Amino acid sequence: MTKIKMIATDVDGTFLNQQRQYDHDRFAQQLQRLQAADIRFVVASGNHLGHLHQVFAPTPAVQTFVAENGSLIVDHGQTLFQTTIPLPVVREVVAAILADDTIRPQVLRLSGQHGTYINRADHSNDPASQAYYFNNVVLVDDLTAVYDTIYKINGEWPNQTIQSLAAKLNAKFPHQIHAAASGFGSIDIIAPHMNKAIGVTQLAQAWNIAPSEIAAFGDNDNDLEMLRHVGFGVAMRNGTDTVKQVANLITPTDNDHDGVLNVIDAILDQKV
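As numbered in this note's numbering, residues 2 to 273 make up the sequence shown, in order.
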């Protein structure tokens, strides 16, 4: 296998276990070994940046984030790249989704530079568990009136097949958005042609790292492009069938049994 120079990983269902935890001490030791081996570590997630900072606060050596499914790339506090959804498109898509009972979600959010915006009337529908993911909520009376830099529209459809619904959204708004299932009944809607693969590639190019020199971990459909694009795509044992089909490796253990950390050790020990 080509020498790995960069490791990118999804967070929920991948790096974190079902209790939203990871082995801090083991990972901190791995980060030291990665640095010594000149291998960059990158978080590649659909989540907003503030949440990712909280997740990785116990291991502050993690300083590079491909957030919002590739739409926001920050390294050591510096924004390197960002791709937004134009506000007219945001307003058109939001209005159409909320007006159509066949695709209206339980809750709809806008992920912006200055907050995660939720309609005040729908806030009671927001699952309590989602408070974990959104630590910057701003309640508004009308999502179509929000004025901010918007990276992502996110919705919750817990009782529907989100893969088929994401396809329906892409067909309804061709060339305007890219919708992808992100797990837990959630769909992320970002700018067209944007995904984690694009974000990871932009970052790798800035570091003169080729796609063949990247290993990436993921578990869900918003990881598909990233796993296809890199030289060593790793699907979680607990991941979707679609992700497993495009991977070079399926982790021997799932996210509840250090699936990512075990493969990182194998990469460091040159056993894969």
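From the three backbone atoms N, C-alpha and C, an ideal C-beta is built for every residue, glycine too. Keep in mind the model is a prediction, meaning the values are calculated, not measured.
DSSP-derived helix/strand/coil call for residue i
i: A217; result: strand
i: G184; result: strand
i: N155; result: strand
i: F66; result: strand
i: T10; result: strand
i: Y134; result: coil
i: N120; result: strand
i: R41; result: strand
i: V147; result: coil
i: A205; result: helix
i: I199; result: helix
Candidates the options: closest to residue i by CA position
i: G156; options: L225, D270, I268, D123; result: D123
i: R27; options: T3, V264, Q107; result: V264
i: T202; options: I190, S183, L228; result: L228
i: I151; options: A267, E69, H258, Y133; result: E69
i: N136; options: N126, N221, H52, A100; result: H52
i: A168; options: S125, D222, E214; result: D222
i: M237; options: L88, I5, L17; result: L17
i: I86; options: H49, D149, T117; result: D149
i: G47; options: Q20, Q30, D11, V75; result: D11
i: F233; options: V94, V273, V139, L50; result: V273
i: T15; options: F42, I74, L262; result: L262
i: D266; options: T80, A29, D257; result: A29
i: M7; options: V44, D13, L170; result: V44
i: H49; options: Q19, V75, A181; result: V75
i: R41; options: T254, E214, L250, H258; result: E214
Residue burial classification, residue i (beta-carbon count within 10 angstroms, cutoff 16)
i: S165; result: exposed
i: N196; result: buried
i: P159; result: exposed
i: P106; result: buried
i: L204; result: buried
i: D24; result: exposed
i: Y133; result: exposed
i: H230; result: buried
i: A182; result: buried
i: A198; result: buried
Alpha carbon of residue i to alpha carbon of residue j, nearest angstrom
i: L32; j: V56; result: 16 Å
i: V90; j: A172; result: 15 Å
i: F218; j: T103; result: 33 Å
i: P193; j: P61; result: 32 Å
i: N67; j: D189; result: What sits at residue 67 in the sequence shown is Val, not Asn. Distance between the alpha carbons of V67 and D189: 15 Å.
i: Q246; j: L225; result: 9 Å
i: A248; j: A216; result: 11 Å
i: V235; j: D220; result: 9 Å
i: Q22; j: I191; result: 27 Å
i: I163; j: G184; result: 8 Å
i: G78; j: G200; result: 16 Å
i: T252; j: G260; result: 6 Å
i: N126; j: K4; result: 47 Å
i: L140; j: R121; result: 5 Å
i: A96; j: I154; result: 12 Å
i: G71; j: D13; result: 15 Å
i: R92; j: L99; result: 11 Å
- Task: Taking 8 Å as the threshold, find out whether the stretch 204 to 212 comes into contact with the stretch 165 to 177 through three or more Cβ pairs.
- Result: no
- Task: Inspect the CB distances between the stretch 140 to 149 and the stretch 107 to 125 and report whether three or more fall short of 8 Å.
- Result: yes
- Query: Are three or more beta carbon pairs between the stretch 226 to 245 and the stretch 35 to 44 nearer than 8 Å?
  - Reply: no
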